[in-house]
Every structure is written in structure tokens, then in C-alpha cells.
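J.: In my numbering, each residue carries its 1-based index in the sequence shown increased by 367. We treat Cβ as the ideally placed atom computed from N, Cα and C, and that holds for glycine.
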Amino acid sequence: MPRLREVPRVEVTDEKILFFYDRLFGPDRDPAVDHGTIHATPGDWWTVFAQSPDVFRHAVRGFSLYRNATLDPLLRELGQSRAGYARGSQFVFSQHCKQMRSLGMDEEKITAVPHWQISDRFSELERAVLAYTDGLVYDGGRVPDEVFTVLKANLTDSEILQLTYITCLYDMHATMCRALRLEFDDRPEPVAEVEIPAGVEVRDLSADLSG
């Protein structure tokens, strides 16, 4: 379950939210109760974001922005999928792998996104986009000049700005999905102390290693 309450259809008065409730779930379903979008996702991103119509509308405008960008959509999706992977969001990574596939990206490239550094499937520009994404997500914007040089040689300034904005936007979405446990990011914390099996006595590790 997401960490915030889902807004049921009966409580929604904003026309934009109702439009997407109808479009993604159908007009006869309450998406806060009857989960599952036409895209085979749980859909709780929409019902949780409905907590704030202003935030909902701002986010949806962001979707329109990236779909109308002049940047090559395959490069855009490469940055979005890598941002999801780097931020550890199964939802963002999974959705944009599917989008790359729908745009005709080679399957071996999609599979190689997690380990792009040692893959020979990507062009010089694609590798620069992936390296740029890692600089934005992993390193907080610390990007080597050599990476930017390749971007500048192949993209316009407007396209680089779009790439930067869209990638950072999806870094944010990935972070929010993890924090609020939305969609495919509704998962237990994987790092936890491993319980000692019942009946097993464990000696003091520091004492054993000190000699």
C-alpha cells in the first residue's frame, strides 16, 4: 500500500483528475479501490497525486512537455530509464524500458542499460547521454567536460537543456515513487538486519577478530 491515502472518485472535483481517472481506469471504476490501469500498472500514482490538484496538474504538464520535446525520443527515454535505474525506482525503470521498446529500440540495448559502461551496443552519443544521466543522478550534476563535449557535438543547446530537464524530472519522480511507495516501488526495504536463527548461539565477532 502507498504511504499516503488514495483519493476515491467520489471525493474528486477537479476536472483534470477526473479526466485521467476515466481515461486510465474507465468511467465506472473507483481507482482508489479497484486498482489497475489500462497500462497494466496498479495506478496508485494517480490516486495519491490526487491529494493535491495543483501538484497533479503540474506533474501532468510535465508529461506533456517531454512528449512534445524536439529531443530524439529514444535519447530522452534512455535518460529516463537510466535515471530510474540509478535512483533505484523499479517503476520508472520498468515503464521507460517498455517505452523504449515501443519506440523500436534494440532489445540488447534495453537489457544493457544497467551495465552500459561495459556494453558495446551504444553509440558514442548514447554513451554520453547515459554518462550524463549518471552525472545528474549519482553525482548531483557533476559532469565531466568530456561528456558534455560529445553532447555539444551532436545536440543543440535546446536539446541538451531538454535532456537535462527531463532526466532530472524523472529523477524526482523516481525519488517520490520510492519515498511514497507508489506503483512498483511498493516494496519492503531490502537492507535489514538478518535475524539469528532460533536456537543458534552467536559468539562476539569483535572478540574473534581481535586476536
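Just to confirm before moving on: does the CB-CB distance between Thr-380 and Pro-398 stay below 9 Å?
T.: Counted from its first residue, the sequence shown places residue 380 at position 13. Counted from its first residue, the sequence shown places residue 398 at position 31. Their beta carbons are not under 9 Å apart, which means Thr-380 does not touch Pro-398 by this criterion.
J.: Since Ala-541 and Ala-450 should fall inside the 8 Å C-beta cutoff, what is the C-beta to C-beta distance between them, to a whole number of angstroms?
T.: Taking the sequence shown and counting its residues from 1, the one referred to as residue 541 is at position 174. Taking the sequence shown and counting its residues from 1, the one referred to as residue 450 is at position 83. Rounded, the Cβ-Cβ distance is 6 Å, consistent with contact.
J.: At the level of alpha carbons, what is the spacing between Val-510 and Glu-568?
T.: Counting from 1 along the sequence shown, the entry for residue 510 is found at position 143. Counting from 1 along the sequence shown, the entry for residue 568 is found at position 201. Using only the alpha carbons, I get a separation of about 50 Å.
J.: Taking 6 Å as the limit between beta carbons, can you name the residues of its chain near Gln-529, skipping five residues before and five after?
T.: Looking up residue 529 in the sequence shown gives position 162. The residues are Ala-436, Leu-438.
J.: Taking Cβ to Cβ, would you say Arg-488 is nearer than 9 Å to Asp-473?
T.: What you label residue 488 is simply residue 121 of the sequence shown in a count that begins at 1. What you label residue 473 is simply residue 106 of the sequence shown in a count that begins at 1. Yes. Within cutoff.
J.: What is the DSSP secondary structure of Glu-556, counted as helix, strand or coil?
T.: Indexing the sequence shown from 1 puts residue 556 at position 189. Reduced to three states, the DSSP call for Glu-556 is coil.
J.: Excluding the 5 residues flanking Ile-384 on each side, which residues of the same chain have their C-beta closer than 7 Å to its C-beta?
T.: Mapped onto the sequence shown, residue 384 falls at position 17. Within the same chain, Ile-384 has close Cβ partners Ala-417, Pro-420, Phe-423.
J.: If you drop the 5 nearest sequence neighbours on each side, which residues of the same chain put their C-beta closer than 6 Å to that of Pro-557?
T.: Within the sequence shown, residue 557 is the residue found at index 190, counting from 1. Around Pro-557: no qualifying Cβ.
J.: Tell me, to the nearest whole angstrom, how far the beta carbon of Phe-458 is from that of Cys-544; I am working on the premise that it is less than 8 Å.
T.: In the sequence shown, residue 458 corresponds to position 91, counting from 1. In the sequence shown, residue 544 corresponds to position 177, counting from 1. Contact holds; Cβ gap of about 5 Å.
J.: For Thr-542, does the three-state DSSP call read helix, strand or coil?
T.: To locate residue 542, count along the sequence shown from 1; it is residue 175. Residue state, collapsed to three classes: helix.
J.: Please return the same chain residues whose Cβ sits closer than 7 Å to the Cβ of Pro-440, not counting the five positions on each side in sequence.
T.: Working through the sequence shown from its first residue, we reach residue 440 at position 73. Excluding residues within five positions, the ones whose Cβ falls inside 7 Å are Leu-470.
J.: Taking Pro-564 as part of the alpha helix (DSSP H), name the residues at either end of that continuous run.
T.: As a working mapping, residue 564 is identified with position 197 in the sequence shown. Per DSSP, Pro-564 belongs to no alpha helix (DSSP H) and is neither H nor E.
J.: With a threshold of 7 Å on Cβ separation, who are the neighbours of Ser-486 within its own chain once the five nearest residues in sequence on each side are excluded?
T.: Residue mapping note: residue 486 aligns to position 119 of the sequence shown, counting from 1. Excluding sequence neighbours, Ser-486 sits near Ala-479.
J.: Closer than 8 Å is the cut-off here; do at least three beta carbon pairs connect the segment 511-526 with the segment 488-497?
T.: Cβ pair count under 8 Å is three or more, so yes.
J.: Consult DSSP for Ala-450 and reduce its assignment to one of helix, strand or coil.
T.: By 1-based counting over the sequence shown, the position of residue 450 is 83. Helix at Ala-450.
J.: Quick one: what does DSSP say Glu-373 is sitting in, helix, strand or coil?
T.: As a working mapping, residue 373 is identified with position 6 in the sequence shown. The answer is coil: DSSP assigns Glu-373 none of H, G, I, E or B.
J.: For Thr-408, which residues in the same chain have their Cβ closer than 8 Å to its Cβ, ignoring the five residues on either side in sequence?
T.: If you number the sequence shown from 1, residue 408 lands on position 41. Once the five neighbours on either side are set aside, the close Cβ partners of Thr-408 are Phe-458, Gln-462, Glu-550, Phe-551.
J.: Assuming Arg-554 contacts Arg-370 under a Cβ cut-off of 8 Å, what Cβ separation, rounded to an integer in Å, is found between them?
T.: As a position in the sequence shown, residue 554 is number 187, starting the count at 1. As a position in the sequence shown, residue 370 is number 3, starting the count at 1. About 12 Å separates the two Cβ atoms, so there is no contact after all.
J.: If you count every other CB in all the chains shown that lies within 10 Å of the CB of Val-374, and 16 or more means buried, which is it?
T.: Within the sequence shown, the letter at position 7 stands for residue 374. Per the 10 Å Cβ criterion, buried.
J.: For Ala-426, which residues of its own chain have a beta-carbon under 7 Å away from its beta-carbon, when the five flanking residues on both sides are left out?
T.: For the purposes of this step, residue 426 is taken as the residue at position 59 of the sequence shown. Excluding residues within five positions, the ones whose Cβ falls inside 7 Å are Phe-416.
J.: Please report how far the alpha carbon of Gly-502 lies from the alpha carbon of Leu-518, in whole angstroms.
T.: As a first step, residue 502 must be located in the sequence shown, where it is residue number 135. As a first step, residue 518 must be located in the sequence shown, where it is residue number 151. So the alpha carbons of these two residues sit roughly 13 Å apart.
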